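Enquirer: Before I ask anything, let me first share the structure, which is written out below as structure tokens.
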Amino acid sequence: MKTAYIQTLTSEKAALLYDENQLEYITVERPQQNNLVGNIYLARVRNMDKSLQAAFVDYGEKKHGFLPNQEIPGKRGRIEQKVHEGQTLWVQVVKEPYEEKGARLTANVTLPGRRIIYMPYGGYVGVSKKISDRDQSHLRKTVKSWCEDGEGAIVRTSARSASNDELKQEFLHLKLMWKAIEKKRTSTKVPSCVFENWEIPDRFLRKMGEAADKIIVDDINTAQYIKKNFPDLNARVKWEDRFEQLLPHSISQIIAQMTRKNIRLSSGAEIIFEKTRAFTIIDVNTASFAGNMNRDETILSVNLEAAEEIMKQLRLRNISGIILIDFIDMEKEGHRNHLLKQMKQLCQQDIVFAEVHGFTRLGILEMSRKREGLDAYSLFLSNQDEPLTWSFETYAYQLERELIQYRHNDQDAVMIEIHPDCYEVFLNLIDMNRLTGLLNFHVYVQKNDLLEKPYALKYTGDELWLKKHYSNVDKL
Numbered sequence: 001m002k003t004a005y006i007q008t009l010t011s012e013k014a015a016l017l018y019d020e021n022q023l024e025y026i027t028v029e030r031p032q033q034n035n036l037v038g039n040i041y042l043a044r045v046r047n048m049d050k051s052l053q054a055a056f057v058d059y060g061e062k063k064h065g066f067l068p069n070q071e072i073p074g075k076r077g078r079i080e081q082k083v084h085e086g087q088t089l090w091v092q093v094v095k096e097p098y099e100e101k102g103a104r105l106t107a108n109v110t111l112p113g114r115r116i117i118y119m120p121y122g123g124y125v126g127v128s129k130k131i132s133d134r135d136q137s138h139l140r141k142t143v144k145s146w147c148e149d150g151e152g153a154i155v156r157t158s159a160r161s162a163s164n165d166e167l168k169q170e171f172l173h174l175k176l177m178w179k180a181i182e183k184k185r186t187s188t189k190v191p192s193c194v195f196e197n198w199e200i201p202d203r204f205l206r207k208m209g210e211a212a213d214k215i216i217v218d219d220i221n222t223a224q225y226i227k228k229n230f231p232d233l234n235a236r237v238k239w240e241d242r243f244e245q246l247l248p249h250s251i252s253q254i255i256a257q258m259t260r261k262n263i264r265l266s267s268g269a270e271i272i273f274e275k276t277r278a279f280t281i282i283d284v285n286t287a288s289f290a291g292n293m294n295r296d297e298t299i300l301s302v303n304l305e306a307a308e309e310i311m312k313q314l315r316l317r318n319i320s321g322i323i324l325i326d327f328i329d330m331e332k333e334g335h336r337n338h339l340l341k342q343m344k345q346l347c348q349q350d351i352v353f354a355e356v357h358g359f360t361r362l363g364i365l366e367m368s369r370k371r372e373g374l375d376a377y378s379l380f381l382s383n384q385d386e387p388l389t390w391s392f393e394t395y396a397y398q399l400e401r402e403l404i405q406y407r408h409n410d411q412d413a414v415m416i417e418i419h420p421d422c423y424e425v426f427l428n429l430i431d432m433n434r435l436t437g438l439l440n441f442h443v444y445v446q447k448n449d450l451l452e453k454p455y456a457l458k459y460t461g462d463e464l465w466l467k468k469h470y471s472n473v474d475k476l
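Quick note on UniProt numbering: the sequence shown kicks off at 1 and runs consecutively.
Written out as structure tokens, the structure reads:
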């Protein structure tokens, strides 16, 4: 049985999918991440570049977005025949801004559902190639009959398990959402974001909702939001006040696992991850592996086991870009082809686009994986040099989670000893009004710049006793 866990009470939101006690997927969203992909904006064209056949669009972020001609709906033609400087239009982010590059935009906006993607200006109906040819034809014809005035849709693979009535209900729901957005055009200042594509719970449920037999949520408001916006998941959603106690592993334990350099396999072999600015290097070695087979079969067995774990870790750690894997050298061509075939099959099962490019002359396997958000190293660590250490931000969010858990205990007050730098980060990141409103006790802080750890729990219990014995403390 697969269970999804969604935590939204905390500032750092998390969503996880477990198959029994095995973690299959995790996504984490922080307030400062500012994920833009999928967001829709009422924007204004600022500049035109006829040589590039593109427009630079002010959609509200620091750098103007890049809108190529082919991403503007309507008849074919040059960009200057479609839009002009100063024009307002709907745009959607399709690729995050990165370093000096602005976001890539499209004017072919879409509204995603779990089974259907609604395209107000699409003009066609597409169906997932993972659906059989016969069902593709039926679904294309059915969904096309619902479209009018240049509308379109893309039917997702998950539509296979839905009835026509369920699909039509979702299509009409998305259409009503778009009409509500359009009504904002005259009353909305330009530029403005009119639709936010939240990672949690929205994108997570569109990716993983179909697989989850149960969905456990820590916030009753989020549970109600899911039931309203994902009505087909109603029966699976359950609000649990003692959420963290139900998790097979705590969020902090999972972060620790995701940022470890070394992964020990059940066979005794070891995988070592090295993240650089340009690419990720993964080394496989036999370590303490002791097989009873001959040498060639032993090496193949270890490499196949490592391949499974590597693809799992790439997904959990959200590693992207160029990835170089140094498997244990194999002398037999047939064994190399076996491993290559296995890696390609595993890439096809990945939730983001991943591609194996083959072995180099030195025997290194080259692959690439599409970038979607920050990887675990960038998100949780202060640096990627030795030793790997958590950032103060990661500790601040961990402290918030721990304080929220204490509301189920019987105490008047909790006192935390904390490094001043970590405390400053904590105050900047965490909404204190919201946090104190969730707690049924008072929090006291004692700053200590000699503290070896970022923070430590010093006392829980009676508030009067705490005030009597500690004078140099601050109250949150």
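For each residue, glycine too, the CB sits at the ideal point set by N, CA and C. Predicted model, so just to flag it, every value in this text is computed and none were measured.
Among Ala103, Arg104, Tyr118, which has the Cα closest to the Cα of Thr110?
Expert: Locating residue 110 in the sequence shown gives position 110, where the first residue counts as 1. Comparing Cα-Cα distances from Thr110 to each of Ala103, Arg104, Tyr118, the minimum goes to Tyr118.
Enquirer: DSSP beta-bridge partners for Thr27?
Expert: Taking the sequence shown and counting its residues from 1, the one referred to as residue 27 is at position 27. Note: Thr27 sits in a beta bridge opposite Ala15.
Enquirer: Just grab the DSSP bridge partners of Arg104 for me.
Expert: In the sequence shown, the residue the question calls residue 104 occupies position 104. Phe66, Lys95, per the DSSP bridge assignment.
Enquirer: Out of Met415, Ser137, Gln398, which has the shortest C-alpha to C-alpha gap to Arg30?
Expert: Taking the sequence shown and counting its residues from 1, one reaches residue 30 at position 30. When each option's Cα is compared against that of Arg30, the closest is Gln398.
Enquirer: Assess, as a yes-or-no matter, whether the region 403-410 is touched by the region 420-429 under the definition of 3 or more beta carbon pairs within less than 8 Å.
Expert: Contact between the region 420-429 and the region 403-410 is absent, because fewer than three Cβ pairs lie under 8 Å.
Enquirer: Over what stretch of residues does the beta strand (DSSP E) that includes Met367 continue unbroken?
Expert: Within the sequence shown, the letter at position 367 stands for residue 367. That run of the beta strand (DSSP E) goes 365-369.
Enquirer: Taking Ile310 as part of the alpha helix (DSSP H), name the residues at either end of that continuous run.
Expert: Here residue 310 corresponds to residue number 310 of the sequence shown, with the count starting at 1. Element bounds for Ile310: 295-317.
Enquirer: Going along the chain, which unbroken runs of the beta strand (DSSP E) with 3 or more residues stay wholly within the region 195-269?
Expert: Taking only runs of at least 3 residues, the beta strand (DSSP E) segments lying wholly in the region 195-269 are 214-217, 237-239, 262-264.
Enquirer: Going by the CB atoms, is the gap between Leu379 and Val28 shorter than 8 Å?
Expert: Here residue 28 refers to the residue found at position 28 of the sequence shown. Here residue 379 refers to the residue found at position 379 of the sequence shown. Yes, they are a contact pair.
Enquirer: Tell me whether the beta-carbon of Leu42 lies closer than 8 Å to the beta-carbon of Pro248.
Expert: Here residue 42 refers to the residue found at position 42 of the sequence shown. Here residue 248 refers to the residue found at position 248 of the sequence shown. Contact flag unset, no.
Enquirer: Relative to the alpha-carbon of Ile154, which residue among Leu381, Arg140, Asn229 has its alpha-carbon at the smallest distance?
Expert: As a position in the sequence shown, residue 154 is number 154, starting the count at 1. Of Leu381, Arg140, Asn229, the residue nearest in Cα terms is Arg140.
Enquirer: Buried or exposed for Ala278, please, with buried defined as at least 16 other CB atoms from any protein chain shown within 10 angstroms of its CB.
Expert: Locating residue 278 in the sequence shown gives position 278, where the first residue counts as 1. Result: exposed.
Enquirer: Taking the DSSP output, what are the residues bridged to Gln7?
Expert: Within the sequence shown, the letter at position 7 stands for residue 7. BP columns for Gln7 point to Ala14.
Enquirer: Take the Cβ of Trp465 as the centre, count every other Cβ of all protein chains shown within 10 Å, and call the residue buried at 16 or more, exposed below.
Expert: Residue 465 sits at position 465 when you count from the first residue of the sequence shown. Exposed, by the Cβ-count rule.
Enquirer: Sort Asn472, Ile200, Ile6, Gly122 by Cα distance to Met415 and report the nearest one.
Expert: Walking along the sequence shown from the start, residue 415 turns up at place 415. Measuring from the Cα of Met415, the nearest candidate turns out to be Asn472.
Enquirer: Who are the near neighbours of Arg264 in its chain, counting only those whose CB is closer than 6 Å to its CB and skipping five residues on each side?
Expert: On the sequence shown, position 264 is the one that residue 264 refers to. Same-chain partners within the cutoff: Glu270.
Enquirer: Output needed for Glu12: all residues of its chain with C-beta closer than 7 Å, excluding positions within five of it in sequence on either side, in chain order.
Expert: The count along the sequence shown starts at 1 and reaches residue 12 at position 12. Answer for Glu12: Val28, Arg30, Tyr397, listed in chain order.
Enquirer: Shortest alpha-carbon distance to Lys101 belongs to which of Phe66, Leu89, Pro112?
Expert: One-based indexing of the sequence shown puts residue 101 at position 101. Closest by alpha carbon: Phe66.
Enquirer: Where DSSP assigns a beta bridge to Phe392, which residues make up the other side?
Expert: For the purposes of this step, residue 392 is taken as residue 392 along the sequence shown, with counting starting at 1. According to DSSP, which records beta bridges pairwise, Phe392 is partnered with nothing at all.
Enquirer: So is Gln92 buried or exposed if we call it buried at 16+ other beta carbons inside 10 Å?
Expert: By 1-based counting over the sequence shown, the position of residue 92 is 92. Buried is the call here.
Enquirer: On a CA-only basis, which of Asp350, Thr88, Lys130, Lys168 is nearest Lys144? Give me that one, please.
Expert: As a first step, residue 144 is located in the sequence shown; it is residue number 144 there, counting from the start. Checking every option, the nearest Cα to that of Lys144 belongs to Lys168.
Enquirer: Counting Cβ pairs, one atom from each stretch, are 3 or more of them under 8 Å apart for the region 126-136 and the region 196-213?
Expert: In short, these stretches do not touch, since the Cβ pair count stays below three.
Enquirer: Can you tell me whether Gly334 is helix, strand or coil according to DSSP?
Expert: Along the sequence shown, one-based indexing puts residue 334 at 334. Looking at Gly334 - three-state DSSP - the assignment turns out to be helix.
Enquirer: What number of angstroms, rounded off, separates the C-alpha of Asn34 from the C-alpha of Glu199?
Expert: One-based indexing of the sequence shown puts residue 34 at position 34. One-based indexing of the sequence shown puts residue 199 at position 199. Asn34 and Glu199: Cα-Cα distance of roughly 10 Å.
Enquirer: According to DSSP, what are the bridge partners of Ala162?
Expert: Position 162 of the sequence shown, counting from 1, holds the residue named residue 162. Note: Ala162 sits in no beta bridge, so no partner.
Enquirer: Determine whether the beta carbon atoms of Ile272 and Asp283 lie at a separation below 8 Å.
Expert: Translated into positions along the sequence shown, residue 272 becomes position 272. Translated into positions along the sequence shown, residue 283 becomes position 283. Yes.
Enquirer: If you drop the 5 nearest sequence neighbours on each side, which residues of the same chain put their C-beta closer than 8 Å to that of Ile26?
Expert: Against the sequence shown, residue 26 aligns to sequence position 26. Within the same chain, Ile26 has close Cβ partners Ala14, Ala15, Leu16, Leu17, Ile254, Met258, Leu316.
Enquirer: Grouping DSSP H, G and I as helix and E and B as strand, with all else coil, what is Thr157?
Expert: As a working mapping, residue 157 is identified with position 157 in the sequence shown. Thr157 falls in the helix class under three-state DSSP.
Enquirer: Using a threshold of 8 Å, state whether the C-beta atoms of Leu439 and Asp219 are closer than that.
Expert: Taking the sequence shown and counting its residues from 1, the one referred to as residue 439 is at position 439. Taking the sequence shown and counting its residues from 1, the one referred to as residue 219 is at position 219. No, the pair does not count as a contact, with Cβ atoms beyond the cut-off.
Enquirer: Can you tell me whether His64 is buried or exposed, with buried defined as 16 or more other CB within 10 angstroms of its CB?
Expert: Position 64 of the sequence shown, counting from 1, holds the residue named residue 64. Per the 10 Å Cβ criterion, buried.
Enquirer: May I ask which residues mark the beginning and end of the alpha helix (DSSP H) holding Met119?
Expert: The residue labelled residue 119 in the question sits at position 119 within the sequence shown. From DSSP, Met119 is part of no alpha helix (DSSP H) but of the beta strand (DSSP E) over 116-119.
Enquirer: Check whether the Cβ atoms of Glu166 and Asp232 sit closer than 8 Å, and answer yes or no.
Expert: Mapped onto the sequence shown, residue 166 falls at position 166. Mapped onto the sequence shown, residue 232 falls at position 232. Yes, these two residues count as a Cβ contact at 8 Å.
Enquirer: Based on Cα-Cα distance, which residue from Gln81, Leu52, Ala107 lies nearest to Arg44?
Expert: Here the question's residue 44 lines up with position 44 in the sequence shown. Nearest of Gln81, Leu52, Ala107 to Arg44, Cα basis: Ala107.
Enquirer: Mapping DSSP to helix, strand and coil, what is Trp146?
Expert: For the purposes of this step, residue 146 is taken as the residue at position 146 of the sequence shown. Coil at Trp146, not helix or strand.
Enquirer: Hey, quick one: how far does the alpha helix (DSSP H) through Ala376 stretch, first residue to last?
Expert: To locate residue 376, count along the sequence shown from 1; it is residue 376. Start and end: 376-380.
Enquirer: Compare the C-alpha of Ala235 against each of Arg371, Met343, Ile226, Arg76 and name the closest.
Expert: One-based indexing of the sequence shown puts residue 235 at position 235. Nearest of Arg371, Met343, Ile226, Arg76 to Ala235, Cα basis: Ile226.
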